[in-house]
């Protein structure tokens with residue numbers, strides 16, 4: 187991730203359309219801290235297209251798991267090398283179920299100054315894709331709570347829930363669990 191001059195704009199093709207950078211003072215933040223490699227952000231959504239040239243290098247790798255048919259890290263998920271598909275109950279997160287999760291991951295982590303796409307907000311951040319939504323059937327609340335627990339238990343410091351819908355009281359305990367473990371839970375609001 188290249189360091190940023192707070193006065194210079196990244197050369198990404200659609201950076202000029204990223205109007206939100208000014209309102210959240212992104213360039214000023216980059217001047218203070220431009221490398222978030224130690225941060226894992228769980229994107230709980232419909233998947234993240236890992237072959238996207240602007241975000242694929244940011245996909246989280248579980249450091250305690252091997253791709254060998256064994257639950258090496260004893261977390262209850264076999265071969266969860268790059269997250270988990272809670273709908274299919276398997277580790278195959280490369281098969282996305284929509285485009286929203288990829289868009290969210292791009293806003294968070296797209297590689298800046300590579301002349302492609304957009305510039306992400308957080309440099310070198312690791313994206314943990316957790317699939318709980320399908321563009322045809324929506325998102326299952328029980329899978330969302332399971333994914334939040336997975337994210338926290340596997341090192342995510344930030345959990346992104348940009349999936350809309352209505353808030354359910356069933357989220358209270360799991361969000362409190364995440365908070366007590368030091369994770370920040372970001373939830374979309376508004377209509």
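Numbering (my numbering), first residue to last: 187 to 377. Virtual Cβ for every residue (Gly too), placed ideally from N, Cα, C. None of these values were measured; they are calculated from a predicted model.
Presumed contact (8 Å Cβ cut-off) between residue 279 and residue 233, rounded CB distance | Between residue 233 and residue 279 the Cβ distance is about 6 Å, and since that is below 8 Å, they are a contact.
Hey, quick one: how far does the beta strand (DSSP E) through residue 346 stretch, first residue to last?
-> Segment 344-347, the beta strand (DSSP E) holding residue 346.
List the DSSP bridge partners of residue 276.
-> Residue 276 is bridged by DSSP to 271.
Mind checking who residue 324 pairs with in its DSSP beta bridge?
-> The partner list for residue 324 (beta bridge, DSSP) reads 320.
State the beta-bridge partners of residue 312 as determined by DSSP.
-> The partner list for residue 312 (beta bridge, DSSP) reads 226.
With a cut-off of 8 Å on the beta carbons, I'd call residue 291 and residue 316 a contact; round off their distance for me.
-> Not quite, the Cβ-Cβ distance comes to about 11 Å (not below 8 Å), so this is no contact.
Answer yes or no: do residue 370 and residue 345 have a C-beta to C-beta separation smaller than 9 Å?
-> Contact flag set, yes.
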